[in-house]
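Trainee:
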Ligand code: MV4
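Here is the structure:
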């Protein structure tokens, strides 16, 4: 087993990994930037070392510094979390050279799945269904034109080094192609340092369905079924659930087999996610492999009962997978809402600052993966995710109701959050009906800020001091309602002290 794990991350995922290590009795070493001196992950780890100034390149992306700290402090493994260095082939290779265990896939597999065009080619050879389109990059304009004619409009331009939606654009007809390619190349160059782009058939109103996989270092691979992550805003997921309403048992078995084959074909190890697009006619296409533990991993944990972070650590320390595909079952339904420090009434503008007060949701079937506490600071430098509320119940409807309850009992004062917005998503009839295509937010939520206008808001500092000074319980007056607003409106309905 590993002797000490350095967690090369911050926020809720660093906390999640530290907790898994604690359960496994593995000592933990946190690293942090000067903006995170008082953050939760620093307080929870056995040891913590400041590695630099707030800008990520100086701290959480500083490979030399992180490797040096690991060696000085005797950490024999590094968990990268998600984002930052998680899918950096150079970092994973560097760990391999230095004799440090990278808790993630081997660097060769990481590089293969990071190159979208190369993995399209590899996967085609393995008879994996991919979206019809080009198999080459760095081509002349004439070849783009020919390829687009062959694919048929509308087509989509994607960056070869891309993923996650950056550098993507839809081209409805031949007139827009040349300008689109040029703009796409410029965007790819500035986002990824690689200007190569390729074309694919554009899939309208797809659903995003991904499969969780685990692979040990001996070629054993299992999948832990799907997650649906169609509710997104500008390619940022905000709600995820499992099972997907769009997948039946027959399709699930088929997609699971394909996901396993993708992982075997890439000689991939550790935890990973195989992403698919599902079209209206329920055709599915392989998109990419996400080579990391994902933000939305808890919903899979709640439905399968498997602790994915502990599995990652066991695999990285050289254990064989003890799970068998036949032994992995989905039970009940889980939903995750991501809580961001953003102002949904001001175009989701990031909202940094001090958290004056918070009250965490809890109760049966409610899990809260959290990186903040009352009094902590939310810095401006990083992804604004604060925490994730995850609910589990036997049925989707019960998990949804439970989420409405959890969100209405979650209070964060001092900064703006997406809690209220997410309550409205959960209460929306289209969400309740399972209509979660990728255009859900544009279609159903674009008037949300206007709907809120004219409603009463209380002064937040006043509420914070009132709530924080109370020693008695803080409870909502009304029962769970479909119209349950988030804390900002809820505050008006809160009773402080005697109820
Ligand atoms: C697509 C597509 C339509 N056609 N590819 C977005 C993120 C990236 N991983 C893939 N994405 C898409 N690729 C083709 N050929 C539409 C999307 C897409 C999307 C996919 C999943 C969830 C939400 C989305 C929102 C907008 C676009």
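Numbering (this note's numbering), first residue to last: 215 to 713.
Built from N, CA and C at the ideal position, the CB exists for glycine as well.
1. Using a beta-carbon distance below 7 Å, is residue 562 in contact with chain B?
2. Could you work out which residue in 247, 275, 277 and 549 is closest to residue 264 when comparing CA atoms only?
3. Return yes when the Cβ of residue 522 is within less than 7 Å of the Cβ of residue 430, no when it is not.
4. Here's the rule I'm using: 16 or more other beta-carbon atoms within 10 Å means buried, otherwise exposed. How should residue 583 be labelled?
5. Is residue 370 near the ligand MV4, judged by its Cβ being under 6 Å from some heavy atom?
6. Counting along the chain, where does the alpha helix (DSSP H) carrying residue 638 start and finish?
7. Evaluate contact between the segment 515-531 and the segment 591-603, counting only Cβ atoms and requiring at least three cross-stretch pairs below 8 Å.
8. Pull up the distance between the alpha-carbon of residue 420 and that of residue 502, whole angstroms please.
9. Between 576, 468, 581 and 572, which has its C-alpha nearest residue 511's C-alpha?
10. In three-state DSSP terms, what is residue 287?
11. Please report the straight-line C-alpha distance between residue 416 and residue 228, rounded to a whole angstrom.
12. Taking residue 565 as the reference, which of 571, 573, 556 and 267 has the closest Cα?
13. Are there three or more Cβ pairs, one per stretch, closer than 8 Å when the segment 318-332 is compared with the segment 482-495?
14. Give the list of continuous beta strand (DSSP E) stretches no shorter than 3 residues that lie fully inside the segment 481-551.
15. Quick one: does the C-beta of residue 652 sit closer than 6 Å to a heavy atom of the ligand MV4?
16. By how many angstroms is the C-alpha of residue 270 removed from the C-alpha of residue 405?
17. Provide the residue(s) that pair with residue 262 in DSSP beta bridges, ordered along the chain.
18. With DSSP as the reference, please indicate the residues paired to residue 370 in a beta bridge.
19. What number of angstroms, rounded off, separates the C-alpha of residue 660 from the C-alpha of residue 422?
20. Between the beta-carbon of residue 449 and the beta-carbon of residue 470, is there less than 7 Å?
21. Could you name the residues that DSSP lists as bridge partners for residue 607?
22. Which value, in whole angstroms, describes the spacing of the CA atoms of residue 452 and residue 513?
23. Determine the contact status of residue 369 and residue 395, defining contact as a CB-CB distance below 7 Å.
24. Is it the case that the CB of residue 656 approaches a heavy atom of the ligand MV4 more closely than 6 Å?
25. Where does residue 432 fall in DSSP's three states?
26. Between which two residues does the beta strand (DSSP E) carrying residue 389 extend?
27. Compute every distance between the C-beta of residue 508 and the non-hydrogen atoms of the ligand MV4, then say whether any falls below 6 Å.
28. In the DSSP output, which residue or residues are listed as bridge partners for residue 554?
29. Whole angstroms is fine: what's the gap from residue 454's alpha carbon to residue 617's?
30. Using only the alpha-carbon positions, how far apart do residue 622 and residue 637 sit?
Mentor: Short version:
1. Absent here is chain B; the protein component of the structure consists of one chain.
2. 247
3. no
4. buried
5. yes
6. 633-641
7. no
8. 15 Å
9. 581
10. coil
11. 37 Å
12. 556
13. yes
14. 484-492 and 498-504
15. yes
16. 16 Å
17. 244
18. 384 and 414
19. 21 Å
20. no
21. 547
22. 13 Å
23. no
24. no
25. coil
26. Run containing residue 389: none; DSSP gives neither H nor E here.
27. no
28. 599
29. 12 Å
30. 7 Å
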